[in-house]
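Engineer: Please read through the structure below; I'll follow up with questions.
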Amino acid sequence: MKKCPSNMIELMHNYLDEEISPEDELILREHLHECAKCSQHFNDLKKTVAFIQHSSHLVPSDDFTAKVMARLPKERKTVRLSRWLKKHPMITAASLFFALMMGSLFTTWNGEQQFSVSTKENVMIKGNTVIVPEGEVVNGDIVVRNGSIKIEGKVNGNVTVIHGEKHLASAGQVTGEIEEINEIFDWIWYNIKAVMKDTLKTFEPE
Amino acid sequence: MESLVKNRIKAIKKGDQNAYAEIVEIYKNKVYQLCYRMLGNRHEAEDVAQEAFIRAYINIHTYNPDMKFSSWLYRIATNLSIDRIRKKKPDFYLDAEVRGTDGLTMYSQLASTDASPEDTLESLELQEIVQKAILKLPEKYRSVIVLKYIEELSLQEISEILDLPVGTVKTRIHRGREALRKQLGHL
Ligand SMILES: [Zn+2]
């Protein structure tokens, strides 16, 4: 029996790594064809690879990820806060509002003592009282500051009275919300709701 | 996939811990498998795999994005596994976990396939023989064989993970395969 070329085993491994030139592959194939010993060696290598490749894949425990997360060092507080705020946009808006507006809120609450009304259409003004006369219709919201409102007609919208009183006659009608704001907390709440409505709008799909 | 991972890593670097849970979910099976084949013991594999993820998290700032994240992670897992092997008594892993609870777990997993009980038993036995053969390899051959055949990585990736020239990786794979052939080739 003639001696096997010394690089035959190396060519087998190159073949298994898919790193063999076409010329070398031809040399290997021709030798394997005529040499039972090398052919056996090559088959054993291929079988070995198949055994390793087909060994069953095991999976880690179900709570693997939870266990890893529990073992991580604690993250910085600021990051936790900012993520929490991102998850709760409404509260973020409100907090932001508080932070920015607290100062000016007190000023506007105590500062503006003058009577004002947001609309002059279809209403009568007597002193510090706004009257929606019987038979008249106001389309839109009415905001009265430092005064009162008497509604005998109809308001298609919300009525808000700040520092004053509302009087709704039995025939009067308000399609929206009607509210009186006489306390600082009502005032804050009123402002928060205004911010939240805007926030909601920004979160609504376009 | 790589872009999702890159994006999550940016968030983690900024300190967003929750983003890391997604990374763990993506790679846990691969990392666990790597550790299991290196160590041959489910409990130790679980422990070392968790440790690898924790190390990666703590050292995330040293991760160079030019490298594949998986390569970096596998490097950590491989090194930790090798450390663990070295700490063990040399003969411990040779007879460990062959007929213990791990065999039963593996058995129940195999039993869920529709193979007949005889086939299942036979393949279970084969699984053990294969795992024993891998465990008999010195760690420098074991790691390349596991990365190539269990993790199915290219020589280039293995060279990156182990920080070795491709030529060295090839030589080790050849020798590892020869050593395995001596144990498994006759089956
Ligand atoms: Zn020959």
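Chains as they are written, first to last, in the numbering used here: chain D, 61 to 266; chain G, 4 to 190. Note that beta-carbon positions come from the ideal geometry of N, C-alpha and C, so glycine has one too.
Between the segment 119-135 of chain D and chain G, which residues of the former have CB atoms less than 8 Å from a CB of the latter, in chain order?
Structural biologist: Val119, Pro120, Ser121, Phe124, Thr125, Lys127, Val128, Met129, Arg131, Leu132, Pro133, Glu135
Engineer: Suppose contacts are defined by Cβ-Cβ distances below 8 Å. Is G/Val34 in contact with G/Ala55 by that definition?
Structural biologist: yes
Engineer: From G/Glu49 to G/Arg89, what distance separates their C-alpha atoms?
Structural biologist: 18 Å
Engineer: What first and last residue would you give for the alpha helix (DSSP H) that runs through D/Ser99?
Structural biologist: Membership of D/Ser99 in the alpha helix (DSSP H) is indicated by the continuous run 96-113.
Engineer: Quick one: residues in its chain with C-beta nearer than 6 Å to the C-beta of D/Glu225, no 5 flanking neighbours on either side, listed in chain order?
Structural biologist: Ser208
Engineer: Is it a yes or a no for the segment 159-174 of chain G touching the segment 89-100 of chain D, going by three-plus beta-carbon pairs under 8 Å?
Structural biologist: no
Engineer: Is D/Ile241 helix, strand or coil by DSSP?
Structural biologist: Strand.
Engineer: Quick check on DSSP: helix, strand or coil for D/Gln233?
Structural biologist: strand
Engineer: If you count every other CB in all the chains shown that lies within 10 Å of the CB of D/Ser115, and 16 or more means buried, which is it?
Structural biologist: Buried.
Engineer: Would you kindly work out how many angstroms separate the C-alpha atoms of G/Gln186 and G/Val133, rounded to a whole number?
Structural biologist: 9 Å
Engineer: Output, in chain order, the set of chain D residues within a Cβ distance shorter than 8 Å of G/Asn10.
Structural biologist: Those within 8 Å of G/Asn10 in chain D number zero; the least Cβ separation is about 16 Å.
Engineer: How long is the line joining the alpha carbons of D/Lys134 and G/Gln53, rounded to whole angstroms?
Structural biologist: Here the alpha carbon of D/Lys134 sits roughly 16 Å from the alpha carbon of G/Gln53.
Engineer: Could you pull out every unbroken beta strand (DSSP E) segment of at least 3 residues lying fully inside the segment 7-37 of chain G, listed in chain order?
Structural biologist: none
Engineer: Please look up how many angstroms separate the CB atoms of G/Cys38 and G/Ser84, rounded, as I've assumed it's under 8 Å.
Structural biologist: 5 Å
Engineer: Thinking C-beta only, is D/Pro120 closer than 8 Å to G/Asn32?
Structural biologist: With contacts defined by Cβ atoms closer than 8 Å, G/Asn32 and D/Pro120 form a contacting pair.
Engineer: For chain D, find out if any of its Cβ atoms is closer than 8 Å to the Cβ of G/Asn82; answer yes or no.
Structural biologist: no
Engineer: Comparing alpha-carbon positions, which option in G/Ile137, G/Ala22, G/Tyr77 lies nearest G/Gly43?
Structural biologist: G/Ile137
Engineer: What first and last residue would you give for the alpha helix (DSSP H) that runs through G/Leu187?
Structural biologist: Here the alpha helix (DSSP H) through G/Leu187 covers 169-187.
Engineer: Determine which residues share a DSSP beta bridge with G/Lys90 and list them.
Structural biologist: The partner list for G/Lys90 (beta bridge, DSSP) is empty, contrary to what the question assumes.
Engineer: In chain order, what are the residues with a CB under 7 Å from some non-hydrogen atom of ligand 1?
Structural biologist: D/Cys64, D/Met68, D/His91, D/Cys95, D/Lys97, D/Cys98
Engineer: Where does the unbroken alpha helix (DSSP H) through D/Asn74 begin, and where does it stop?
Structural biologist: 68-76
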